[in-house]
Every structure is written in C-alpha cells, then in structure tokens.
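Asker: Dropping the structure in here first, questions after.
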C-alpha cells in the first residue's frame, strides 16, 4: 500500500539564505539544508537534538564543466511524505515499510547559464539518504567528475570500526579506534592482499560504523550504486570531517556523467540503540523496486561444496603440475599427468552429492572443474578461462545426471581472474552452458588485478561490469553470488537474483592466518548493511593442520559460534563450508546446520554492540519455526535475553547449542554442550558465551506429552 502526501511547494528565489528543514516521521531526526556565503550548499543532521552531522558542504567538482559546489541560488523546494510497504523476494522480514519525509531542493547557477542541480533528501526514522540529480537541460549534457565534495562533519572524536580505504579490496580485518587514531593505526591495518590500492593515511571504506561518547550509533554508507564509482571516505583528522573520495579509473577520472542522471544515495543511519542499525532497511528502501517480473526461479539455497579442501591446501584447483604455462585451445590436458591433488573429480563430487542428498542440502558447489587453473593467477593474462571446458577427470553430463537423480542442484563456479573483458566475451555462452546442464546459480570471482590494466575493482567502469553480469544472468534465470566484486548497496531489491556477495574478509581468511575473534560481531554493522554476505560458515575443525599438515592456521572461533553465524550473518545463501567428514565427527551439532532455515518472515534483534555481540531471533518463512543465534567478541560474557518473540500461550522445546564453560576460540574451540528445555514467551535465558564463542537455539512447538521430563526455563 502506498501513500504519498505532497504538502509544500515553495519558490525561494528571494530567500536564498533561509534554511529548509524536515523531520523524520517519528520526529527524532531533523535535517536542515542551507545555502551559505557564495551559494555553497550545506546540510546538517541531528537526532533527538544531538548533532549527528554538523554543517557539511555538498556538491562536486568536474574536469570540464566547472564546479557544482558553489555559486548556487535556490530555485525551488518541494516536500512530500511517503508511507508504503513492499515484500522482498527473500529477506530478514516478510514485509518492509518504506516511510520517509522528503525535501527536494532545486539549485541554479545563474553565472553558468542557469545550470540546474537538484539535491534530494529522504529522512526516515532510522536515518538519512541524499543524492545529486542533474535534470535534462540545454546547458548541461556530458561532464567528467574530478571529485565529489560531499562532507560528513562529525560532532566528536568517535570510536570507529574501519578498514583502510582501498580501490581494490575490502578483505581486511576491522580496526577499532578513535577517529583521531586512524592515521597512526593505518600502517598495521593495511595487510597483504592479492590486489590492493590504498590512497590515503586517513582514508577508510564504507559501510563505516561509529559510536559517540554519549551513546549514539552512526553508520555511513551509500545506496543504489549504479553507473558510478564506489565512494570511500577521507578524514580531515584535525577537524573530524569526512569527505567523499571516489574510486578513479585508469585515466584518473572519477566518473563520466550524461544528464539526465542521478548519483547513488549517501546514507547516514543513526540511533541510540545498536539493534536499530542492524534492523534498518534504509539501504534497500533507497533502491528501485524489482525489475524482474517473474521471480519464482529465485530461491534461497543451503549448500556444500568442493571448496574448503582447496582453501586449506588439502587439494588443488589445478589438474596437473606438468605445464609451466597453459593456452586454451592449444594445451592438451588429455595427455597431461594428473597431479593427484585435484579436488573437482567426478568421483569426489559424487561423494559430495551423496552427502548433500542424505543431509538435506539444496546444492553442491564445485571449484576447479574447468581448464586453465595451472597458471591463472598473477600473469596479467587476458584469456584464462572459457567457462565451458572441463578437465578430463570431471564429467559434466555424468555429474549433472547423478545430481538430478539425487534431487540435488549443482552450483557453477566462474573465476574470471579479474579479466572482465574476457568474461563478457564468454558470458552468454557460459550462462547458456549452465542452463543446458541444469545449473541455476553461479559463484563468480574477481581475484587479482583488473584487466584492462590500470582499472580498479571499484571504478565506474568495473562497477558497471558487475551490474551487467547480474542483469545478463537474470535473462537466463540465473542467481549470482559474486566474490571480490563491489560491496553491495541494496541492489538486490531491484535485482533479487543477486543472492549473495563476498566483498569482505570471509571464512577463507581463517585458512590464511586467521581473523580477529570479534570479526563476526563487526560485519553485521558494516558489510551487511548493504546486503547479505556469502561468509561460508560452519567450520568444525579449527586446527587446520589436521586437514592439511602444511597449514598451521587456526580458525579463531568456537564451534558454537560457527552455528550461530547462520543467524547473525544473514544470507539467503548459506554454505556448510567444512569437509563432510568433519561434520560426521559432530553429528549432534551438525543437526542444527541441517535444521536452520535460510529465508525468514520476521527477525528480532535482541542484543547488539559493535565488535562485542549480536543476538538475533528469526522466524522461518513457510514453517513459522523460530531459530536464534548469538555471537560474541574477544571476551567472555553472559547473554541475558527473553523469549517474548514466541507466540503467547504456546509451549516450545528449545534445543540450545552452547559453549562449554571451558571453551575458548584458541585453546578449546570444540567444547560445547547441547541441552533441551521447555520455554514459552515469558521465559528468560542467562547464557555463557566463551571468548570468540556463541550459542544457537532451535524452537519446536510441543505439547505436554513431548515435554515430559524436560526442565522448564
């Protein structure tokens, strides 16, 4: 249902310096727009009379059309209110309310032949979105952005959870520090990656999470990133002012524009309750409604895969070690000697299909099935993969028929090696190959430096490539899970076949030396603000030398924490990432992964503090069953919650999977206990959480006969 009220149209030609103000529907947030001396557009934002963003400049500079940051007069302002609801194809909740008050300010530059720019502000109960719009006009058609000058002037030296500004990767551990400490902490925050490009000693990435000394939680990000470069933030650490910093292309240009055009939305989510940050749907609401008419083929997926064994080094993507280089169409793999470590064999994949079928998983991912992995990385090589030619030991038809006979779907893998031109050349053929062989989902990868050379992962041209891949996949009714691509900005509302992304430091880094034990208590406040992450949880064997004697890495998590991730790291695409044999060692804990849903009608955030803990309860779509997950940080804690989300008057058996008292992510990660108790919506729980730990609960409605002998909570 949609309600729009247009309640003010005012011409302010004679009142250039007067401030324009709107409040959020609940009156807690106030947005003020004002033109300052020399026609400089500014804004400020407050929450319950506390400053969130102090007066900050707006606008952008161009290479060829002068400045859009000063010399303005106000030509017109319009306000409207919108209150509507929409139903996502998949998500944390069944229905999303889109309720905001809007201020649209049309600005004119008299000395530039009356050039016009419109700034549109939308103020929700949970935050602000604003963007620049360039209407069609005689005196403005094409222009090249030199830099966007949007500012976010902070009201203090806030505590921030940040990763270094980088044109090519988000795969960093988060650093917690004061804003004033970013400069001195940057050197240790920038850790090695296969492709990276830092730009400033005070540059950070969005989504940026902050907390003020007086208890406000502030998140800076962007929404609806379409045909535009990624926005980073560069901090003036003397004045605590962030300014937008766009990702350049190979020529140094920040963005090519053609009016009529709009920029992405710049977002500020704010609350005095951290749970509101996690529950916010502001990012999705600022995106366009869905453009796929028939979405019946888009379905949430729980999967396993031939993946972790390669990540840990137990097996390899490559088929042979014989060739120093490979040329597709020239190299004859039929006569090559297998290396004996190749993971994507027909036999191995069939074992995974059997496991998936026996334990109720929807799909099996297979990496390393296609020729070219022998010299794919780091060679600046354009033609690496064709995405349709299998190695001799992987029979596509046989595997497909076997999977179909077991009621299991196969998930395709496309590693592009960041040669986007090559991928686009092969995309139609590759997607058609998928459809011909029963694949309806693809995990794509963009590891390494971008080809064409000099481009960055987050520049406008490459952002357009990621979007092209998603839209092209929709034509073939294929779901996309993009790794190493641009971090999401709510695009999945418009194209819900974008069912997952990586675009952050995922579980694989636990095999490359580890991540901080509180990493998963930060990601929901940062990376997940724009959309779900394919984090690949479910690791049960933390000592990776037991998987591969040559790998001494340790997974910095308890087993109970790994179970909780299926709730706290929301995604409609969830992997049970460990080796099947490790699940068989812990069948009682594995039961939770088999039971937990991946699509939801409702979600209730019960506890939240960035970097310390997240506790959420979710109600499964179609079945109505509730599940709960809680993850902690580096220190042990006691979680205190109630079960008021359960339906009144009903009795449930709660199966609690939790850390043992002596559990610890480093020294005793597999220590857990499982207990069953009887609960209702008035029950309360006090639960121990170990360092790097957590707990998970499944709730099943029960009658008196089923609860006999069980303890009541």
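Numbering (our numbering), first residue to last: 334 to 1046. Beta carbons: idealized from backbone N, C-alpha and C, even for Gly.
May I have a chain-ordered list of the beta strand (DSSP E) segments no shorter than 3 residues that lie completely inside the region 377-456?
Answerer: 383-390, 393-395, 406-419 and 429-442
Asker: Which residue wins for smallest C-alpha separation from residue 1046, given the options 814, 973 and 428?
Answerer: 973
Asker: Strictly by DSSP, which residues pair up with residue 1020?
Answerer: 972
Asker: Could you check how far apart the C-beta atoms of residue 664 and residue 656 are, in whole angstroms? I think they sit under 8 Å.
Answerer: The Cβ separation is near 6 Å, so the contact holds.
Asker: Can residue 537 and residue 566 be called in contact, C-beta distance under 8 Å?
Answerer: yes
Asker: Look at residue 389 and residue 375 and say whether their C-beta atoms are less than 8 Å apart.
Answerer: Yes.
Asker: Could you tell me which residues DSSP puts in a beta bridge with residue 671?
Answerer: 653
Asker: According to the neighbour-count rule (16 or more other Cβ atoms, all chains shown, within 10 Å of its Cβ), is residue 834 buried or exposed?
Answerer: buried
Asker: Can you tell me whether DSSP reads residue 685 as helix, strand or coil?
Answerer: Helix.
Asker: Pick from 786, 728 and 768: whose alpha carbon is nearest that of residue 755?
Answerer: 786
Asker: May I ask you to report which of helix, strand or coil DSSP gives residue 341?
Answerer: Residue confidence is low: residue 341 scores 41 on pLDDT, short of 50, so the model does not pin down where it sits. No coordinate-derived value is stated.
Asker: Which class does residue 659 belong to by DSSP, given the choice of helix, strand or coil?
Answerer: coil
Asker: Can you check the region 504-532 for any alpha helix (DSSP H) of at least 4 residues that lies completely inside it and give the ranges in chain order?
Answerer: Taken in chain order, the unbroken stretches of alpha helix (DSSP H) that lie wholly in the region 504-532 and span 4 residues or more are 515-522.
Asker: Compute the Euclidean distance between the alpha carbons of residue 474 and residue 449, then round it to the nearest angstrom.
Answerer: 11 Å
Asker: Could you tell me the boundaries of the beta strand (DSSP E) in which residue 464 lies?
Answerer: 460-467
Asker: So, for residue 818: in the same chain, excluding its five sequence neighbours on each side, which residues have a beta-carbon less than 8 Å away from its beta-carbon?
Answerer: 777, 779, 790, 799, 834, 835 and 836
Asker: Would you be able to state if there are at least three C-beta pairs under 8 Å between the region 582-601 and the region 517-526?
Answerer: no
Asker: Mind pulling the alpha helix (DSSP H) runs of 4 or more residues that sit fully within the region 873-956?
Answerer: The alpha helix (DSSP H) runs lying completely inside the region 873-956 and spanning 4 residues or more are 892-901, 913-918 and 920-928, given in chain order.
Asker: Have a look at the DSSP bridge pairing and note the partners of residue 699.
Answerer: 639
Asker: Would you tell me roughly how many angstroms separate the C-alpha atoms of residue 927 and residue 812, rounded to the nearest one?
Answerer: In this model, residue 927 and residue 812 are separated by some 22 Å (Cα to Cα).
Asker: If I follow the unbroken beta strand (DSSP E) through residue 776, where does it start and stop?
Answerer: Looking at the DSSP string, the run of the beta strand (DSSP E) that includes residue 776 is 772-778.
Asker: Would residue 483 and residue 438 be called neighbours here (beta carbons separated by less than 8 Å)?
Answerer: no
Asker: May I ask you to report which of helix, strand or coil DSSP gives residue 372?
Answerer: helix
Asker: For residue 467, which option in 486, 398, 507 and 433 has the closest C-alpha, if you only look at C-alpha atoms?
Answerer: 398
Asker: Taking residue 317 as part of the alpha helix (DSSP H), name the residues at either end of that continuous run.
Answerer: Since the displayed the chain opens at 334 and closes at 1046, residue 317 lies outside it and no answer follows.
Asker: Is residue 1004 helix, strand or coil when you go by DSSP?
Answerer: Correct three-state label for residue 1004: coil.
Asker: Residue 452 and residue 590 look like a contact to me (Cβ under 8 Å); what is the Cβ gap, rounded to whole Å?
Answerer: Contact doesn't hold; Cβ gap of about 15 Å is too wide.
Asker: If you reduce the DSSP assignment to three classes, tell me which class residue 348 lands in.
Answerer: Bear in mind that the predicted position of residue 348 carries a pLDDT of just 42, short of 50, making it too unreliable to give a figure here.
Asker: Using only CA atoms, which one of 385, 709 and 501 lies nearest to residue 654?
Answerer: Of the residues 385, 709 and 501, the one whose Cα lies closest to the Cα of residue 654 is 709.
Asker: Could you say if the region 921-938 and the region 877-888 meet the contact criterion of at least three C-beta pairs nearer than 8 Å?
Answerer: no
Asker: In three-state terms, what does DSSP make of residue 840?
Answerer: helix
Asker: Mind checking whether residue 739 and residue 668 have CB atoms under 8 Å apart?
Answerer: No, they are not a contact pair.
Asker: Quick one: residues in its chain with C-beta nearer than 6 Å to the C-beta of residue 441, no 5 flanking neighbours on either side, listed in chain order?
Answerer: 406, 408, 447 and 449
Asker: With DSSP as the reference, label residue 475 as helix, strand or coil.
Answerer: strand
Asker: Following the continuous beta strand (DSSP E) through residue 354, name the residue where it begins and the one where it ends.
Answerer: 353-356
Asker: Taking its Cβ as the centre, do 16 or more other Cβ atoms sit within 10 Å of residue 914, making it buried, or is it exposed?
Answerer: exposed
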